[in-house]
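Okay, structure first, notes after.
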Amino acid sequence: MDINSRRLRDGGKPVRIGARAFDLLRYLALNAGRILSKAELLEAVWPKATVDEIAIRVHLVELRKILRTKPDAPWIRAVPGRGYLFLKPVEMGRLAKPGPVDAGLPYVPAEILGRSTFIESSIEKLEVHRLQSIIGTGGIRKTSVAVEIGNHFRAIGRPVIFLDLSTLTADSQLVSYLAMRLDLISFAEDPMPMVLATLAEQPYMLVFDNCEHVIGGCAEVVETILCSTGSTTVLATSREPLGVMGEYVSRLPPLSYPDEGVVPKDV
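Numbering (my numbering), first residue to last: 72 to 338.
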């Protein structure tokens, strides 16, 4: 479920759904596990219209047909005297403004000294290679360099998605994390088809930071994305290469010391 474009997909394929039914499904999914009163649903879905609970029931019938739910395994349950409850587990992203998603690049607090040549070269390489990995030891400011590169592409109109993989504890979390950064809501166990369908719509640039934490899963996900989309570009930072076909590896060297007698303002 793509909140931004108001689209519903099944395995990556578009599903026809009415505007009110979409709004109802969206509100139910965003409040999964909480009983919603009829009054709350009417206010959320029909805020400026005078309708009664029959409207809810009519659109629930439509949703059950669209979702192909079974009587013994419902997604939405009516709770007598109280309202409705969305039962399906949900992988939920954040709400965002309409339009291409741009999942904020982090702020770099200090000026990056001595890296302008590397950054310019990396930008040129990414115009040719769809996957570039910045490799270097910890603390060498790989992330800061990647953010500067990402800022360049964002400035020329590319939607940029930043993913800090140091927050993950298992390879299996990566696809759900990417779906979240894309502002997608998934009802499926595997959100990858929905992720690929979304990436195919815009020339996204994905910045995978700290890949060494989930190197195997990251390599698999990146390879799938590059093989399945035509315009997605990936910039990775890691302590080791991903080992994916077509990867361009750029090693970020330590900064050299200035010559003796050079004052700070001349560095």
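We treat Cβ as the ideally placed atom computed from N, Cα and C, and that holds for glycine.
Fair warning: this is a prediction, and the values are worked out from it, not measured in the lab.
Rounding to the nearest angstrom, what Cα-Cα distance links residue 210 and residue 72 in this structure? 38 angstroms
At what residues does the alpha helix (DSSP H) containing residue 116 begin and finish? 109-116
What separation, rounded to the nearest whole angstrom, lies between the Cα atoms of residue 156 and residue 150? 7 angstroms
Cut-off 8 angstroms between Cβ atoms - residues of its own chain near residue 316, not counting five sequence neighbours on either side: 294
Which residue from 326, 243 and 219 puts its Cα closest to that of residue 291? 243
Considering only C-alpha positions, which residue in the set 182, 205 and 91 is nearest to residue 120? 91
If you drop the 5 nearest sequence neighbours on each side, which residues of the same chain put their C-beta closer than 8 angstroms to that of residue 93? 77 and 79
For residue 152 versus residue 111, is the C-beta distance shorter than 9 angstroms? no
Return helix, strand or coil for residue 320, following the three-state DSSP convention. strand
Burial state of residue 241, where buried means 16 or more other Cβ atoms lie within 10 Å: exposed
In its own chain, which residues sit with a C-beta less than 6 angstroms from the C-beta of residue 171, not counting the 5 before and 5 after it? Residue confidence is low: residue 171 scores 48 on pLDDT, short of 50, so the model does not pin down where it sits. Its coordinate-derived value is still stated next. If we look at residue 171 and ignore the five residues flanking it on each side, its Cβ neighbours are 230 and 273.
Any idea what DSSP makes of residue 121, helix, strand or coil? coil
Taking 9 angstroms as the cut-off, decide whether the C-beta atoms of residue 189 and residue 321 are in contact. yes
For residue 123, which of 248, 284 and 108 has the nearest alpha-carbon? 108
Taking the alpha-carbon positions, what's the residue 165 to residue 182 distance? With a pLDDT of 41 at residue 165, under the threshold of 50, the predicted position of this residue should be treated as unreliable, though the coordinate-derived value follows. So the two alpha carbons sit approximately 30 angstroms from each other.
Please return the same chain residues whose Cβ sits closer than 7 angstroms to the Cβ of residue 224, not counting the five positions on each side in sequence. 231 and 276
Does the distance from the C-beta atom of residue 326 to that of residue 213 stay below 9 angstroms? no
Smallest Cα separation from residue 299: which of 312, 263, 319 and 283? 263
Would you say the stretch 97-108 touches the stretch 185-201, given that touching needs at least three Cβ pairs under 8 angstroms? no
Given a threshold of 16 other Cβ atoms within 10 Å of its Cβ, counted over all protein chains shown, does residue 302 qualify as buried or as exposed? exposed
Confirm, please, whether the CB-CB distance from residue 304 to residue 279 is below 9 angstroms. no
Which residues in the same chain as residue 248 place their Cβ atom closer than 7 angstroms to its Cβ, once the five residues preceding and following it in sequence are excluded? 234 and 239
Please work out which residues of its chain come closer than 7 angstroms, Cβ to Cβ, to residue 312, disregarding the five sequence neighbours upstream and downstream, and give them in chain order. 204, 206, 318 and 320
The alpha helix (DSSP H) with residue 94 in it runs from where to where? 90-101
Please report how far the alpha carbon of residue 169 lies from the alpha carbon of residue 226, in whole angstroms. Below a pLDDT of 50, predicted positions are generally treated as unreliable, and residue 169, at 41, falls in that range; the measurement from the model is reported next regardless. So the two alpha carbons sit approximately 19 angstroms from each other.
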